[in-house]
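Going by the numbering used here, the first residue of the sequence shown is number 507, and it counts up by one from there. A short worksheet on the structure shown next.
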Amino acid sequence: CSEAGVGAKVNLEVGGKTDDRHGVPIPINGTVRTISDGKYEETEPRHGGSRYLDQGLTAVVDTEDGHTVALNSLRVMPTSLQQLLSLSIEPKNYRFLIVKGVTAPRGAYEPISNRVIAVDTPGVTQAGPESFTFIKRPAPLYPLDEVPSGD
Numbered sequence: 507c508s509e510a511g512v513g514a515k516v517n518l519e520v521g522g523k524t525d526d527r528h529g530v531p532i533p534i535n536g537t538v539r540t541i542s543d544g545k546y547e548e549t550e551p552r553h554g555g556s557r558y559l560d561q562g563l564t565a566v567v568d569t570e571d572g573h574t575v576a577l578n579s580l581r582v583m584p585t586s587l588q589q590l591l592s593l594s595i596e597p598k599n600y601r602f603l604i605v606k607g608v609t610a611p612r613g614a615y616e617p618i619s620n621r622v623i624a625v626d627t628p629g630v631t632q633a634g635p636e637s638f639t640f641i642k643r644p645a646p647l648y649p650l651d652e653v654p655s656g657d
């Protein structure tokens with residue numbers, strides 16, 4: 507996207523490049539809306555207390571099928587609305603937001619959402635522990651095992 511430039515039409519494959527547990531890349535076609543250095547300032551007390559953050563070279567693409575996709579070059583947890591606001595994306599103007607994360611996005615996104623729908627997707631951060639193979643773990647371990655109430 508950065509080589510193509512703002513306003514350029516692009517055909518990309520996004521996501522699915524970490525490992526074989528996270529699905530395959532998805533093709534998108536669209537127009538580059540924004541290119542940014544990816545730096546933003548968190549103004550709220552959020553995950554870890556960091557204030558100045560960097561998601562790396564970032565592009566916003568408006569897809570031909572009506573979606574807006576923010577693509578960043580560094581893996582950064584979605585803990586801040588500033589990640590989008592710094593790209594001139596106003597989250598409140600969207601009917602749906604899809605944010606990849608189990609608990610990290612909740613502090614930023616729950617206050618502006620009518621509803622949060624947790625989706626248990628495959629990968630190292632999936633929500634359901636029953637999907638993992640444990641080699642060593644204490645037992646009982648909730649929610650995998652019945653845990654006595656202690657009454």
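Ideal Cβ placement from N, Cα and C applies to all residues, glycine included.
Among the options, the one whose alpha carbon lies nearest that of residue i
i	options	result
tyrosine 648	Gly656, Pro597, Pro635, Leu603	Pro635
serine 508	Lys606, Ser579, Thr609, Thr631	Ser579
proline 533	Asp525, Glu596, Arg621, Asn517	Asn517
phenylalanine 638	Pro646, Leu650, Ala645	Leu650
threonine 524	Ser556, Arg557, Arg581, Ala633	Arg581
Supposed close pair residue i, residue j - CB separation, criterion 8 Å
i	j	result
threonine 540	valine 520	So it is not a contact: roughly 16 Å between Cβ atoms.
tyrosine 615	valine 605	6 Å
threonine 537	aspartate 571	In fact, because the Cβ distance is near 12 Å, the residues do not count as touching under 8 Å.
aspartate 566	leucine 593	Residue 566 is actually valine in this sequence, not aspartate. Indeed they touch by this definition, with Cβ atoms about 5 Å apart.
methionine 583	glycine 607	6 Å
Min CB distance residue i to chain D below 9 Å
i	result
alanine 510	This model lacks chain D altogether, as it is built from one protein chain only.
Alpha-carbon spacing of residue i relative to residue j, whole angstroms
i	j	result
lysine 545	valine 575	17 Å
asparagine 599	serine 619	11 Å
glutamate 449	glycine 554	The structure shown does not extend to residue 449, since the chain is modelled only from 507 through 657, so no value can be given for it.
alanine 645	threonine 549	41 Å
threonine 609	threonine 627	13 Å
asparagine 535	alanine 514	11 Å
phenylalanine 602	valine 530	23 Å
serine 655	isoleucine 641	26 Å
valine 653	serine 556	36 Å
histidine 573	glutamine 632	24 Å
serine 542	alanine 510	13 Å
arginine 479	leucine 577	Not covered by the structure: residue 479. The range shown for the chain is 507 to 657.
Proximity below 9 Å, CB of residue i to CB of residue j
i	j	result
proline 611	threonine 585	yes
arginine 527	valine 630	yes
Given 8 Å as the limit, is there contact between the stretch 552–564 and the stretch 582–590, that is, 3 or more CB pairs closer than that? Look at the beta carbons and you see the stretch 552–564 touching the stretch 582–590: at least three pairs across the two are nearer than 8 Å.
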